[in-house]
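A.B. asks:
2 protein chains.
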Amino acid sequence: MASFGMIKDFQVKTNRTFLDRAAALEPVLHKKTIAAGGIVTVHNIMTDGRQETVVRPFADLSQLADMRFQRGDKVIFDFGDHQVGYVSFQAVPTGSHYDAPAYIRLTFAEAANELLEDSDAYDGWLSKSWIQEEVLHLDLLPDTVKLPRRYAFRYMQIEVLDTSPKYALKFCDISCESVSAVEMEQVKPLCFGDERYDNIDRISVKTLKDCMQKVFEDGVKRDRRLWLGDLRLQARANYVTFQNYDMVKRCLYLFAGMTFADGRIGACFFHEPEFCVDDTYLMDYALLFGPVLWDYYEATGDADTLRELYPQAMSQIDICMDTMLDENYVVIDQGDAFWCFLDWGKGLNKQAGAQAVLLYAMRYGICLAKAMGDSSRMRQLQDQTETLKQAAVEAFWDERLQMFVSGSERQVSWASQVWMILAHVFDRDKSRELILHTRQVNPEVRMVTPYMYHHYLDALIWCGEKELALEEMDRYWGGMIKAGADTFWEVYNPDNRYESPYGSTLVNSYCHAWSCTPTYLLRRFYKDGKYDDARS
Amino acid sequence: MASFGMIKDFQVKTNRTFLDRAAALEPVLHKKTIAAGGIVTVHNIMTDGRQETVVRPFADLSQLADMRFQRGDKVIFDFGDHQVGYVSFQAVPTGSHYDAPAYIRLTFAEAANELLEDSDAYDGWLSKSWIQEEVLHLDLLPDTVKLPRRYAFRYMQIEVLDTSPKYALKFCDISCESVSAVEMEQVKPLCFGDERYDNIDRISVKTLKDCMQKVFEDGVKRDRRLWLGDLRLQARANYVTFQNYDMVKRCLYLFAGMTFADGRIGACFFHEPEFCVDDTYLMDYALLFGPVLWDYYEATGDADTLRELYPQAMSQIDICMDTMLDENYVVIDQGDAFWCFLDWGKGLNKQAGAQAVLLYAMRYGICLAKAMGDSSRMRQLQDQTETLKQAAVEAFWDERLQMFVSGSERQVSWASQVWMILAHVFDRDKSRELILHTRQVNPEVRMVTPYMYHHYLDALIWCGEKELALEEMDRYWGGMIKAGADTFWEVYNPDNRYESPYGSTLVNSYCHAWSCTPTYLLRRFYKDGKYDDARS
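If you read the protein sequences in the order shown, they are chains B and X.
The first sequence begins at 1 in this note's numbering and counts up by one.
The second sequence begins at 1 in this note's numbering and counts up by one.
(1) Between L401/B, G290/B and D78/B, which lies nearest to M362/B when the distance is taken from Cα to Cα?
(2) Which one of V55/B, K482/B and L436/B has the shortest CA to CA distance from A469/B?
(3) Please report the Cβ distance between D162/X and K221/B, rounded to the nearest whole angstrom; I am assuming they are in contact, meaning their Cβ atoms lie under 8 Å.
(4) Going by other Cβ atoms of all chains shown within 10 Å of its Cβ, with 16 needed for buried, is G49/B buried or exposed?
(5) Tell me whether the region 175-183 of chain X and the region 95-104 of chain X touch, counting them as touching only if at least three CB pairs, one residue from each stretch, are closer than 8 Å.
(6) Nearest by alpha-carbon distance to S413/X: which of R446/X, R428/X and A423/X is it?
(7) Any Cβ of chain B within less than 7 Å of the Cβ of L140/X?
(8) By Cβ distance, which residues of its chain are closer than 6 Å to T14/X, with the 5 residues on each side in sequence left out?
(9) Against L161/B, what residues of chain X qualify as contacts under a CB-to-CB distance less than 8 Å, listed in chain order?
(10) Identify each residue in the region 425-447 of chain B for which the Cβ-Cβ distance to at least one residue of chain X is less than 7 Å, and report them in chain order.
(11) Give the interface partners of C276/X over in chain B, defined as CB-CB distance under 8 Å, in chain order.
(12) Is the separation between the beta-carbon of A286/X and that of Q316/X shorter than 7 Å?
(13) Specify whether the region 512-527 of chain B and the region 487-504 of chain B touch according to this definition: at least 3 beta carbon pairs, one from each stretch, less than 8 Å apart.
(14) Distance cutoff 7 Å, beta carbons only. Does M6/B sit that close to anything in chain X?
(15) What are the residues that DSSP puts in a beta bridge with K32/B?
(16) Helix or strand or just coil, what does DSSP make of W227/B?
(17) Between which two residues does the beta strand (DSSP E) carrying Q83/X extend?
(18) Under 9 Å Cβ-Cβ, which residues of chain X neighbour F10/B?
(19) Is any heavy atom of the ligand MG found at a distance shorter than 6 Å from the C-beta of F255/B?
(20) Is the shortest distance between the beta-carbon of S164/X and the beta-carbons of chain B less than 7 Å?
(21) I'd like to check one pair, I174/B with F77/B: are the Cβ atoms closer than 7 Å?
(22) For the beta strand (DSSP E) holding C268/X, just list the boundary residues, first then last.
(23) Counting pairs of Cβ atoms below 8 Å between the region 55-66 of chain X and the region 84-92 of chain X, do you hit three or more?
(24) Over what stretch of residues does the alpha helix (DSSP H) that includes Y151/B continue unbroken?
(25) Residues of chain B with CB closer than 8 Å to the CB of P273/X, please, in chain order.
(26) Could you tell me which residues DSSP pairs with H137/X in its beta bridges?
(27) Please identify, using Cβ separations under 8 Å, the residues of the region 462-495 of chain B that lie next to chain X, in order along the chain.
(28) Rounded to the nearest angstrom, how far is the Cβ of Y360/X from that of L422/X, given a contact under 8 Å?
(29) With a cut-off of 7 Å, does the C-beta of P93/B fall near any C-beta of chain X?
(30) Taking DSSP as the reference, what is the three-state secondary structure of V187/X?
(31) In the region 240-272 of chain B, which residues sit with their C-beta less than 9 Å from some C-beta in chain X, listed in chain order?
(32) At a CB-CB cut-off below 9 Å, which residues of chain X make contact with P101/B?
(33) At 7 Å on the CB atoms, spell out the chain B contacts of D566/X, in chain order.
(34) Between K370/B and the rest of its own chain, which residues show a CB-CB distance below 7 Å, the 5 nearest in sequence each way excluded?
(35) Under three-state DSSP, which class holds Y360/B?
(36) Enumerate in chain order the residues of its own chain whose CB-to-CB distance from D533/B is below 6 Å, with the five nearest sequence positions on each side excluded.
Okay, here's the thing in structure tokens:
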């Protein structure tokens with residue numbers, strides 16, 4: 001199912017001052033040259049009836065000098081860890097004087113399985129252009145190939161499509177100038193007392209770091225854009241690690257600097273070639289602008305930014321109250337349209353979840369109003385919250401099932417329960433009962449993305465199930481590590497390693513920032529056992 | 001059959017002075033911006049049981065502004081004539097803000113049929129890298145795409161491999177900066193009194209012009225190198241047209257400036273990235289260095305160059321006399337090795353032809369020695385000529401067949417007859433009988449390339465069959481025009497439009513300088529009917 005929004009004759013409202021603030025905060029990227037570490041082979045094998053991709057060492061990099069490549073020969077370089085950057089290498093002819101250009105195909109893979117898939121056969125709905133392949137002619141040899149495009153990868157394959165019968169190619173000096181707005185050394189490793197969580201934390205921080213570029217990118221292989229829902233999680237992880245407050249501020253001003261003409265904040269923002277809001281509105285993402293602003297204010301005490309952006313945060317709630325509710329204060333279901341995100345996954349009904357996110361945003365709205373001294377607005381929101389909570393229970397709570405349902409077909413999903421808990425529709429005890437009951441029932445409409453799993457863990461922690469949250473973190477994020485993750489993924493289904501929302505894992509993103517939150521949860525809620533109510 | 005020479009541990013001898021002279025003569029290329037002329041479609045149709053590629057107008061270029069391209073869409077631009085140069089165009093997104101790179105494949109075709117062939121299926125022995133295709137990602141849009149590689153083409157296809165569901169591409173400002181060391185305007189069109197020959201002359205001149213770049217290139221799509229056998233014909237056509245004497249001089253000094261360590265002149269020379277002789281020796285090509293030098297001296301009177309290069313011209317003959325002959329003064333057959341060119345085509349035995357080229361070179365050697373006042377050498381060559389002619393007749397003339405044979409299997413080919421005539425083994429009358437007899441018998445081992453056809457016409461003219469030569473020129477070169485040639489081709493078999501010596505027409509070259517000689521023959525031998533004996 002293709003999921004995207006698109007608006008004909010899209011009109012925007014620009015606040016030049018805000019965009020200028022964002023522009024002034026553009027980070028200077030750190031650059032680090034990383035050499036390829038070794039030469040490997042990649043194979044699919046069957047283990048217990050399941051296909052698995054394995055990477056095997058093939059040769060030491062010192063042996064590369066003796067290797068010759070002609071038509072059809074391939075070599076895979078392993079950079080040892082996930083890289084985001086600009087690749088260069090030397091291609092040197094050997095044999096007779098080269099009498100034809102060299103013709104090579106480069107393939108970059110975050111996960112080794114990408115190397116074994118047939119990109120020509122790709123027929124998913126996401127653009128093929130995201131597949132990290134290049135076909136190059138080298139007319140003058142020897143050549144120092146410096147690729148102008150940025151890639152996200154651990155493995156780089158060079159396939160020689162052809163030289164000529166008279167010469168072969170050698171390769172040397174394979175390296176990547178890796179880039180990020182931050183450096184791993186800025187963050188002190190976690191000492192959790194359990195290696196599993198230290199590893200999960202380390203990989204979370206690496207995932208976040210790789211996605212911190214000119215903005216918080218959602219994924220560095222694909223999409224490479226600033227999404228509001230992702231920003232919220234990245235910012236939270238950033239506060240307990242790199243503490244790059246300017247990048248959050250920049251992103252807040254971007255979203256506020258160009259909105260839909262009616263004031264709605266877009267779900268996603270382009271920063272290249274010039275600033276531009278995408279014509280995609282997602283109700284939950286727009287509502288999360290307020291929580292992002294609150295988190296930022298809480299982390300920095302930057303009252304100027306709070307004051308400037310407060311009106312827009314509040315208006316996202318107002319717009320939803322005015323346009324998205326029926327006469328019973330229940331969010332109107334918009335079915336299969338791309339109107340509210342919550343999670344990928346087939347057939348998830350968003351109605352109940354959207355109501356919950358609205359309530360969640362209103363709680364943060366109250367915090368914002370309080371900080372602004374806007375007591376009338378605070379009271380108004382408090383009243384509205386009660387109304388909407390009641391409406392939520394009436395519309396979605398199924399007494400027989402003891403779970404929330406969503407949509408006209410009364411769908412029971414994990415997402416609806418989790419978000420209703422995070423919305424504090426019930427108190428902590430009843431919420432705890434609900435999440436434990438949900439685990440027992442295990443509704444068929446499951447969670448797919450780390451984005452949704454984060455909210456599940458957040459809900460467990462709020463309910464006081466911190467041990468269980470740790471177990472689930474190990475099962476899910478630890479499961480990715482066992483499956484070979486160097487950075488955390490966009491999509492992970494423990495039951496189906498090769499799940500993709502796009503019709504092909506070739507375009508899955510394997511360093512996706514919305515999966516970086518274990519570092520936030522571990523560092524925020526576990527160090528001294530303290531739990532801050534307002535935060536979840 | 002793959003045909004190429006290759007020498008392990010190849011050693012060269014360099015004359016720095018000569019290479020410096022060549023470097024100083026590097027031409028400055030003329031540049032001319034040519035806009036695409038129209039939009040066409042290309043189809044294969046069956047006509048009288050033969051496949052034919054037809055080009056049909058599809059749209060006016062002014063309609064391009066209304067065209068939108070997404071995944072799988074293609075457009076073919078017709079530049080109206082053969083171009084050699086650097087292409088640029090604008091790619092502009094339309095629809096929502098582009099949310100993925102644009103991904104396009106460009107295909108350049110000298111002949112329209114190249115657009116219908118499957119380059120992935122190419123399995124010929126020449127490098128795939130010559131196929132004029134590029135696959136590009138455009139990360140920032142709109143983009144002015146300036147392709148850094150030079151292409152030879154009339155048709156340019158853009159295939160959009162993907163945009164995204166949210167946007168399409170538009171294209172505009174499709175143009176080519178065409179380059180050459182010379183300009184068509186420098187040459188006065190021929191007025192032969194018969195449009196057929198005016199056309200053949202014009203296309204000959206265009207072919208030559210397009211191949212005059214930093215050196216005389218053999219073909220501008222593929223190979224793009226200086227070959228000695230080709231140089232001889234290009235230089236002759238150049239003397240009656242552009243009269244760019246410096247380019248001939250530059251090429252002579254290149255060949256003389258770096259030779260095999262034993263003094264043999266290479267068949268081919270690389271001028272990029274630095275000067276380097278190829279490790280290919282072709283006996284006939286090396287021997288033709290003398291005739292090229294003589295033609296140059298005759299055209300320019302440049303006695304300094306003659307004096308400097310005379311020793312190397314003569315030594316090519318000496319080397320052959322010393323190393324390539326058996327005790328009966330007959331060239332030793334080297335079978336299927338790539339040792340003597342004469343023509344492409346399967347199974348042509350080169351022994352008789354090589355003997356003839358040696359005799360041909362000796363005749364020019366006598367001219368050179370005479371001009372140098374080297375009378376002892378002149379007499380020696382005259383004596384050797386008689387000996388070798390006698391040996392040629394004894395070894396190769398078949399009295400019963402009344403034709404020359406070649407090799408241990410006594411092969412009868414067109415090439416052997418033509419070169420024996422050009423070698424003046426027989427006098428003009430007997431040569432005329434031979435060529436007419438050959439036409440009647442039509443030996444199975446035919447001529448394939450315009451290079452060989454040129455020598456056939458040259459032989460006809462020398463035999464006094466100037467009308468017949470014109471008829472054959474019209475049949476062969478006129479035939480290419482009827483088949484759609486904008487410039488003359490590397491290979492043309494009137495009986496098989498799709499013949500290729502490389503296993504696929506995809507790598508055939510459709511602007512190949514060795515086919516430019518009709519302008520030489522028409523302007524040299526037909527204007528006033530004069531025929532210069534020494535020249536053929």
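We treat Cβ as the ideally placed atom computed from N, Cα and C, and that holds for glycine.
C.D. replies: Considering the structure as presented:
(1) Position 362 of the first sequence, counted from the start, is the residue given in the question as residue 362/B. Answer by Cα proximity: G290/B.
(2) Locating residue 469/B in the first sequence gives position 469, counting from the first residue. Of the candidates V55/B, K482/B and L436/B, the one whose C-alpha sits nearest the C-alpha of A469/B is L436/B.
(3) As a first step, residue 162/X must be located in the second sequence, where it is residue number 162. As a first step, residue 221/B must be located in the first sequence, where it is residue number 221. With 8 Å as the limit, D162/X and K221/B do not qualify as a contact, their Cβ atoms being about 16 Å apart.
(4) Position 49 of the first sequence holds residue 49/B. Under this definition G49/B is an exposed residue.
(5) no
(6) Residue mapping note: residue 413/X aligns to position 413 of the second sequence, counting from 1. Per the Cα distances, R446/X.
(7) Along the second sequence, read from residue 1 onward, the residue named residue 140/X stands at position 140. It does: the Cβ of L140/X has a partner Cβ on chain B nearer than 7 Å.
(8) Within the second sequence, residue 14/X is the residue found at index 14, counting from 1. Within the same chain, T14/X has close Cβ partners M258.
(9) Numbered from 1 along the first sequence, position 161 holds the residue referred to as residue 161/B. Within chain X, the residues near L161/B are K128 and S129.
(10) none
(11) Here residue 276/X is taken as the residue at index 276 of the second sequence, counted from 1. By Cβ distance, chain B contributes H97.
(12) Taking the first residue of the second sequence as 1, we reach residue 286/X at position 286. Taking the first residue of the second sequence as 1, we reach residue 316/X at position 316. Cβ atoms of A286/X and Q316/X: closer than 7 Å.
(13) yes
(14) Reading the first sequence from its first residue, position 6 is the one you call residue 6/B. It does; some Cβ of chain X falls within 7 Å.
(15) The residue given as residue 32/B occupies position 32 in the first sequence. In the DSSP output, where bridge partners are listed per residue, K32/B has S178/B.
(16) On the first sequence, residue 227/B is found 227 positions in, with the first residue counted as 1. If DSSP states are grouped into helix, strand and coil, W227/B belongs with the strands.
(17) Within the second sequence, numbered from 1, the residue matching residue 83/X stands at position 83. Note, Q83/X: beta strand (DSSP E), K74 to G95.
(18) On the first sequence, position 10 is the one that residue 10/B refers to. Those within 9 Å of F10/B in chain X are S96 and H97.
(19) With respect to the ligand MG, the structure shown offers nothing to examine, as it has no ligands at all.
(20) Here the question's residue 164/X lines up with position 164 in the second sequence. Interface residue, yes.
(21) Stepping through the first sequence from its first residue, residue 77/B is reached at position 77. Stepping through the first sequence from its first residue, residue 174/B is reached at position 174. Yes, these two residues count as a Cβ contact at 7 Å.
(22) Taking the first residue of the second sequence as position 1, residue 268/X is located at position 268. Looking at the DSSP string, the run of the beta strand (DSSP E) that includes C268/X is C268 to F270.
(23) no
(24) Stepping through the first sequence from its first residue, residue 151/B is reached at position 151. No alpha helix (DSSP H) contains Y151/B, which is instead part of the beta strand (DSSP E) from Y151 to D162.
(25) Residue mapping note: residue 273/X aligns to position 273 of the second sequence, counting from 1. Those are L140 and L141, listed as they occur along chain B.
(26) For the purposes of this step, residue 137/X is taken as residue 137 along the second sequence, with counting starting at 1. Y103/X, per the DSSP bridge assignment.
(27) none
(28) Locating residue 360/X in the second sequence gives position 360, counting from the first residue. Locating residue 422/X in the second sequence gives position 422, counting from the first residue. Indeed, because the Cβ distance is near 6 Å, the residues count as touching under 8 Å.
(29) In the first sequence, counting from the first residue as 1, residue 93/B sits at position 93. Chain X contact via Cβ: absent.
(30) Counted from its first residue, the second sequence places residue 187/X at position 187. Note: V187/X maps to coil in three-state DSSP.
(31) C268, F270 and E272
(32) By 1-based counting over the first sequence, the position of residue 101/B is 101. Chain X residues near P101/B: S127, S129, W130 and R149.
(33) Nothing about residue 566/X can be read from this structure; chain X reaches only from 1 to 536.
(34) Numbered from 1 along the first sequence, position 370 holds the residue referred to as residue 370/B. M378.
(35) As a first step, residue 360/B must be located in the first sequence, where it is residue number 360. Of the three classes helix, strand and coil, the one that applies to Y360/B here is helix, per DSSP.
(36) Looking up residue 533/B in the first sequence gives position 533. Reliability of the predicted coordinates at D533/B is poor, the pLDDT of 47 falling under 50, and the value obtained from them is presented with this limitation in mind. Around D533/B: no qualifying Cβ.
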